[in-house]
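Following: one structure in structure tokens, then a few remarks.
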Amino acid sequence: MVNYIDLTIQILVAMGVTALGFAIGMLFNGIARKITARIHNRVGPPIYQGYIDVLKLFTKKTNISHGWIFDFAALFSVAGIALTFLFLPVAGVTLLSGEGDIFLILYLLAIPALGFALGAGASGNPNAAVGIMRALMTMLAYELPLVMVIIAMMVYYDTTSLAVIVQKQANMQWAIFIPVFFIGALVADMALQGMLMEKPFDIPIAPHEIASGPMVEFGGKHLGALMLYKMMGIVVETTLFVDLFLGGGVVLSVSQFGWLAYLVNFIVWFLLILFVFFIALLINAVFPRFRIEQALKFYWKYDAIVGILILIWIFVGVTI
Amino acid sequence: MITLTIAIFLLGIIIVGLLNRYPKAAGVIAFFVSLIPFFALLSWSSVMNISLPSYLHFLNFETSWQYNLGPGTLILQITPLGWFFLLLLSSLFPMVILFSISFFRSNAGGFYAAMLLTMLGSFGILLAQDMLTFYIFWEIMSWSILALVIRGGDRKAIVSYLSFGALSAMLILFGFMLLYFKTGTYVFAEMHLDASNLVLAAISLIVSGFAVKGALMPMHVWAPHVYSKSEEPFVAFLSGGLSKLGYFGIMLFMYGVVGFSLLSSWGTFRGVPLFGYTLAVVGAFTAFAGTVLAVMQDDLRKLLAYSSIGQLGYITIGLGIGTPLAITGALFQALNHTFFKAVLFLAAGAVYYRTGKYKISELGGLGYKMPFTFLATLFSIFALAAIPITSGFAAKWLLYEAAIEKKFLFVTPIMLIAGVGAFLYAYKILYGVFLGEPRYDVKEAPLSQLVPMWILVLPLIIFLIFPGWFVDLTAPILQGYGMTAIPHTPFMINTSLAKYNTLAVIFGFIGTLLFAFILYKSKPQERVEHLDNYLAGEPPELYNYNIAMHASSKYYEPFDEVFYPYFKKGAERMWEIILAAGEVFGSGARKIYTGIVGDYSIYILLFFLIMVGWWLLW
Amino acid sequence: MNHENWSKLARIMSKRSLWMIHFCTGCGAMEMPPVMTSRYDMERFGMHAMATPRQADVFLVTGYLAVKTLKRVVQVYEQMRDPKYVIGFGSCTINGGMYWDSYNTIKDLSKYIPVDVYIAGCMPRPEAIMDSFLKLFDMIDKGEAIGWQKYHKYYDQYKRNQRMAFSYRLDEVKDIKEDDKE
Amino acid sequence: MMAKELFPEAQEIRKGRIRIETQKDKVGEIIKKLKDNGYEHFVMLSCVDWIKEGKFELVYQMWSYQYKEHVMISIKINRDGESMLSMRHLFPQIETYEREIHEMFGVNFIGNPNLKEFILEGWPHMPPMRKDFDTEKFVKDFYYKIPEVKEE
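If you're matching them up, the sequences are chains A, B, C and D in order.
Position one of the first sequence corresponds to residue 0 (numbering that gives the first Met the number 0), numbered consecutively onward.
Position one of the second sequence corresponds to residue 0 (numbering that gives the first Met the number 0), numbered consecutively onward.
Position one of the third sequence corresponds to residue 0 (numbering that gives the first Met the number 0), numbered consecutively onward.
Position one of the fourth sequence corresponds to residue 0 (numbering that gives the first Met the number 0), numbered consecutively onward.
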């Protein structure tokens, strides 16, 4: 027998957390532009610029579509990224993350990407096709070191569930304090740079080469949806990193402190994802862009070699 | 009843063979004959502890059948494993035949005859209970495949299939001989094996023989040639159905005949038999290399062929690991691969039927012209790329979980990367064929081609929602090996590491999709032409609306540049070197044929001495 | 929310987040880098450069336009989504500037597409460009920047002028003049 | 061999700059000879309108990296419709220059297969670079007569 009241509360919480995720994503867009501007010795836009941009895109008077496959992009990208967010433990709150694991999250992240790719391909613009090609190749490049580190963590913690990994890092026993996973965090942070599509790995977007790549034909509400996807993507990817290495931002246990713990954990989680994003921004602000094969070689040569060393470390360390 | 089935099959083969001039009539007859294995399957459902309503098994097949053949007895009997693989083949086969009815415009009687013979062979293989029966039906299947390959008419395909088929048959036969030498019986159930090296040699030979049919690297060389040069419905059946027979054989002999405990007695590593460990590593390599090679292809069928090799590699990994979790994953992957790869090959056939092209760089923009073909392809591609909105994900997930559970630290990243590589070639198919610039003004594929495709998509959706039903199917198979099925409910699979709840994914996705849909519907939109594109301001009317906008030629050029040097000297080169060495050896060996009777008698004597000595020393 | 408030909100949003595409055929494009970078920093107003017209709100035509380029300008302008604004940049877009007697450059941009703000000067200083942005904000606020509505309303006339320019034919000019007289 | 040695009739304007005035049927020969003797770079082909003489002057300019010398081969053809042989077979890039001169001056080059519209799209009038083309009048007749958009 399903408890309908509980279910309703859960759905409401899920909606609230999703809305919060989107709000934080938009805020991050503003923060990112502000920080980059300060590094460039500019004033930069106001911190709430992300909200204005998205609202503006949704208030555009006319929108164009290249057909029903083109619309997949707007639908799948927002839906997929929100779904992925629901499967992540956020500040120790496990919404659906008990129902899936890291493999599910990695594959759920492909739903928005594939929807986006379908829409971009359906637009028929060659720039979009080239951009998608680059995006997929960047994905192939950064996934190898990332999965190496994640698999090392799975074997170390003997679980594949992200919620359990977060649980096992409670009481400030964060993975990053273990030497091998400190190196792992560095490797994963490089991969995160590619995941966030920040320089030097902003190859798929590359506005000066291929006219912003896959987004070339999107305008108005379609672009608004894609902006939401991109902004939420920042939150999802940094949260994944924080959950893996920084204990998901859990500092107080809920059973001991009650609602205060939720509040503090959320604030710590926010500061941590901001910090992780901040590192990515610093790298972004000062680097030029790689070519695609350079990115592939970077990840598969240098990053992956460190990843293999971590795997060997774990392989030798874990005995049955 | 089985006698009757075989008789009907043989009769059907003769009739459709004679109806070569009337392809439609031959197709319809072949379709009705092809349904029989499926009815047999339904009537045998009690083997899997499934109770179907009586109107679903109105034909009553006996569960075992024997025929005395002089040296041995042919024994056919339904087993849970056979039932499972028969499910794949017998549900795929009628759909393929149905597709062919409109696909062939002329001269198809031989095709249907050979297809029916192939199915008859497969039917026998899946039911066989002794090595003799198994081998006889295996040869029937192999030779009728050869007939179908010859219909394709490509010399390289025929030669490579013939040589690798012969190699496969030799390896299997030699393995059977060793087993018979060891046990003195043909019947699987009566074999009592021990942990001797002879058995290890036999099982290694048998597994490598089946690996040829399963297109495991480096035995895969024939597959791309045959897949890319034969007729589409046959390739769909070959890749989707017949390649599974290789894995059926591996499973039968590794876990049915030899058994997990005996495998472990030849050495284990972290709880996994070394034999299985080797197989898993080979499988992972196959998955990765097949994927990389698939990304490099331009021919749609070659791409799908290499993709098949890569996806079948996952099954090998699962069979190698050998835990209940891994075997469930491998069987699930086999089921998914049967259906999605068949749909992809059939869709390629439908595209060819309408456009006459197989090269990805020459196609484009068919998504709006053939929407139902596109959607069927899209669904299969979701399954191929293991996107969690089809059942493809559950299979891969089980395999990943199995690998992590047994701490396969170096195999799992390769599996995951091969999974990401699948996105690359999957998108190449989608973009190159269905998206982008509309180049052809064609109609949707005919209904008799769409219906099979969509029926084959159905299992992918059913097992997405109810992965637990699939685990139920595997329970009797695992029971036979002394294992228990993994814990599950209809919507959920539990492992020792995590759980996977499809309801959460589905309802979460529906909910978020609803949210996205509201956002998307917030503003009206207008449709624009495909040429109304941002091309740095170039107005299309300047070029008579004739701008080439499809970027699918050499789509992954940077990828090719990076990987090509490592894959330049492929497996084909390896076999060429082996052949060259064999030729040198052969020309040396020819010198012993002196033509003098005395010499020959000395050879015979030497041979006997060696054989007897070997037997004594063993 | 009623329609008026909604459009007011839309105006405010569109004012504070103008994404622009600049058509850099003329020498005026050289004045854009200082406007974008740390000296003048137009991102203060939420403006930044976009790569494609589908995403852009403001169209900067920087300098002279040959008839051949005008074709591309019109194509790009029509690919932009409403509401969209055009800034004519430098003397060349106002009356041809130093190309006043060139056989191949158009003289007055507003005959072909509606221009909301002109910046005079050959070339205009970055201060002038910033000033034009502020002016445009002001106009959007008051609802005066209605170039895109004009383009819909007088579409025939704009199309006629564009066609005349593209064809180079003197007789067609005369024909159309006579049509207008009738 | 330097140009001065090859063609005694050439005049040296200043150091490193040679001018050869010749007839139109000898151009091919001269370019071929220069090409074989180290003048491997064909710089450009230009055209001058000498309206009072009634001639077009075509100037073929070549450069030698070896001698650091610039050679100009100048010929004159009649303005009224005299055509010139294409030198495309010697240097393929001449094709583009010929295309431009054809469009801007109306000179016909025999043997150039690609003599179609180059920069101007749909130009129906006299080639605009000829000196008898009155741009000011054309601008007044054309651009200034395009009407303003009238707002009701």
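Glycine included, every Cβ here is placed at the ideal spot set by N, Cα and C.
- Message: Less than 7 Å between CB atoms is the rule here; does Thr158 of chain A satisfy it with respect to chain B?
- Response: Yes - at least one Cβ of chain B is within 7 Å of the one on Thr158 of chain A.
- Query: What separation, rounded to the nearest whole angstrom, lies between the Cα atoms of Arg168 of chain C and Val60 of chain C?
  - Reply: 25 Å
- Item | 6 Å Cβ shell around Arg10 of chain C - same chain, five flanking residues per side excluded | Taking C-beta separations shorter than 6 Å and ignoring five residues to either side along the sequence, the partners of Arg10 of chain C in its chain run Ile139, following chain order.
- So, Leu40 of chain B versus Leu73 of chain B, is the Cβ gap smaller than 7 Å? Cβ distance not < 7 Å, so Leu40 of chain B and Leu73 of chain B don't count as in contact.
- Given Leu18 of chain B, which residues of its chain have a CB within under 6 Å of its CB, disregarding the five upstream and five downstream residues? Ala24, Ala25, Gly108
- Query: Alpha carbon to alpha carbon, what distance is there between Gly174 of chain B and Leu166 of chain B?
  - Reply: 12 Å
- Task: At 3 residues or longer, and completely inside the region 380-413 of chain B: list those beta strand (DSSP E) runs for me, N to C.
- Result: none
- Task: Quick one: grab the DSSP three-state call for Gln76 of chain B.
- Result: strand
- Per-residue DSSP class, three states only, for Pro45 of chain A: coil
- Whole alpha helix (DSSP H) elements within the region 422-487 of chain B, 4-residue minimum: The region 422-487 of chain B contains these whole alpha helix (DSSP H) runs: 446-464, 466-479.
- Task: Verify the CB distance criterion: does Met12 of chain C have a CB-CB separation below 7 Å to chain A?
- Result: yes
- List the DSSP bridge partners of Val92 of chain A. A:Val89
- Message: Are the CB atoms of Ala283 of chain B and Ile308 of chain B within a distance shorter than 7 Å?
- Response: no
- Message: Do Val70 of chain D and Met83 of chain D have their beta-carbon atoms positioned less than 7 Å apart in this structure?
- Response: Result no, Cβ atoms of Met83 of chain D and Val70 of chain D do not sit closer than 7 Å.
- Task: Name, going along the chain, the residues of the region 56-89 of chain C whose beta-carbon falls closer than 9 Å to a beta-carbon of chain B.
- Result: Thr68, Lys70, Arg71, Val72, Val73, Gln74, Val75, Glu77, Gln78
- Query: Using a Cβ cut-off of 9 Å, which residues of the region 102-120 of chain D contact any Cβ in chain C, in chain order?
  - Reply: Answer in chain order: Ile118, Leu119, Glu120.
- In this structure, what does DSSP give as the bridge partners for Arg18 of chain D? The secondary-structure analysis by DSSP pairs Arg18 of chain D across a beta bridge with D:Gln10, D:Met71.
- Task: Give the DSSP-derived three-state secondary structure of Asp298 of chain B in the structure shown.
- Result: strand
- Item | Where His39 of chain A meets chain C, residues with beta-carbon distance less than 8 Å | Thr36, Ser37
- Going by the CB atoms, is the gap between Thr483 of chain B and Thr327 of chain B shorter than 7 Å? no
- Message: Below 7 Å on C-beta distance, what does Met369 of chain B contact in chain A?
- Response: Residues of chain A passing the Cβ test: none, with the nearest at roughly 12 Å.
- Query: How about Ile101 of chain A and Phe86 of chain A: are their beta carbons less than 7 Å apart?
  - Reply: no
- Item | Nearest-angstrom Cβ-Cβ length linking Ala121 of chain A and Gly66 of chain A, presumed shorter than 8 Å | 6 Å
- Query: So, Leu115 of chain B versus Gly248 of chain B, is the Cβ gap smaller than 7 Å?
  - Reply: Against a cut-off of 7 Å, the Cβ pair of Gly248 of chain B and Leu115 of chain B comes out as no contact.
- Message: Counting only C-beta atoms, is Ala9 of chain C closer than 7 Å to chain A at any point?
- Response: yes
- Task: Measure the C-alpha to C-alpha separation of Met196 of chain A and Phe163 of chain B and round it to an integer number of angstroms.
- Result: 46 Å
- Task: Starting from the C-beta of Ile337 of chain A, find all residues in its chain whose C-beta is less than 6 Å away, skip the five residues before and the five after it, and write them out in chain order.
- Result: Absent from the structure is residue 337 of chain A, since the part of chain A shown begins at 0 and ends at 319.
- Message: On the DSSP letters alone, give me the boundaries of the alpha helix (DSSP H) that Cys46 of chain D sits inside.
- Response: Not the alpha helix (DSSP H): Cys46 of chain D falls in the beta strand (DSSP E), residues 40-49.
- Which same chain residues, not among the five before or five after Ala210 of chain B, have their C-beta less than 7 Å away from its C-beta? Met218, Gly245
- Interface residues of chain C facing Ile145 of chain D [CB-CB closer than 7 Å]: Ordered by position in chain C, the residues that pass the 7 Å Cβ test against Ile145 of chain D are Lys110, Asn160, Met163, Ala164, Val172.
- Compute the Euclidean distance between the alpha carbons of Val456 of chain B and Ser90 of chain B, then round it to the nearest angstrom. 12 Å
- Determine the closest residue to His124 of chain D out of C:Cys121, C:Val85, C:Asp170, with distance taken between C-alpha atoms. C:Asp170
- If we cut at 7 Å on Cβ distances, does Tyr276 of chain B have a partner in chain C? no
- Item | Span of the alpha helix (DSSP H) around His207 of chain A | 206-209
- Task: Could you give the DSSP three-state label for Leu227 of chain A: helix, strand or coil?
- Result: Helix.
- Task: Name the one or two DSSP bridge partners that Trp62 of chain D has.
- Result: According to DSSP, which records beta bridges pairwise, Trp62 of chain D is partnered with D:His40, D:His69.
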